[in-house]
Amino acid sequence: MKEVTRTWKIVGGVTHANSYYKNGWIVMIAIGWARGAGGSIITNFEQLVKGCWKPEADEWLKMSYPAKVTLLGSVIFTFQQTKHLAISRHNLMFLYTMFLVVTKVRVQGSNKAVLQILCNQNSA
Numbered sequence: 024m025k026e027v028t029r030t031w032k033i034v035g036g037v038t039h040a041n042s043y044y045k046n047g048w049i050v051m052i053a054i055g056w057a058r059g060a061g062g063s064i065i066t067n068f069e070q071l072v073k074g075c076w077k078p079e080a081d082e083w084l085k086m087s088y089p090a091k092v093t094l095l096g097s098v099i100f101t102f103q104q105t106k107h108l109a110i111s112r113h114n115l116m117f118l119y120t121m122f123l124v125v126t127k128v129r130v131q132g133s134n135k136a137v138l139q140i141l142c143n144q145n146s147a
């Protein structure tokens with residue numbers, strides 16, 4: 024369910040930015056990324072503006088999985104919105120959401136397998 028919500032937030036952000044800035048690719052990517060990734064990106068930007076930014080706790084240098092995937096989605100949906108990617112929005116949303124679900128399932132499945140291997144090594 025999170026993946027569907029994240030996709031809708033990215034598409035909404037890119038579409039909203041496109042309504043104000045027709046050729047502003049960077050603005051569209053930034054707004055889509057901020058709406059999709061949420062607090063992790065906005066909090067660090069707020070700290071940078073306030074002046075209490077710490078480089079060692081920076082999300083932009085060590086991005087989490089949701090931040091990376093949201094940035095990728097924001098770029099893809101920006102290309103689609105500016106007609107550089109010839110695919111309908113709903114088909115792209117479906118493919119992107121399925122990509123998110125499949126990668127999340129694979130990551131969670133591989134973590135369990137790694138934990139089982141580590142547990143077996145410790146007991147032997």
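Quick note: the sequence shown uses this note's numbering, first residue 24, plus one each step. Here a beta-carbon is modelled for each residue, glycine too, at the ideal position from N, C-alpha and C.
**Prompt:** Considering only the beta carbon of each residue, do V50 and S97 sit closer than 8 Å?
**Reply:** Annotated as distal: V50 and S97, with beta-carbon spacing of 8 Å or more.
**Prompt:** If you run the structure through DSSP and keep just helix, strand and coil, what is L94?
**Reply:** If DSSP states are grouped into helix, strand and coil, L94 belongs with the helices.
**Item:** Residues near K41 by beta carbon distance below 7 Å, same chain, minus five either side
**Value:** For the record, residue 41 in the displayed sequence is Asn; it is not Lys. Exclusion of the five residues before and after N41 leaves M51 and Q104 as the residues of its chain whose Cβ lies within less than 7 Å of its Cβ.
**Message:** For a test of the three-state rule: what should DSSP assign to N41, helix, strand or coil?
**Reply:** N41 falls in the helix class under three-state DSSP.
**Alpha carbon of L108 to alpha carbon of S87, nearest angstrom** = The C-alpha of L108 lies about 27 Å from the C-alpha of S87.
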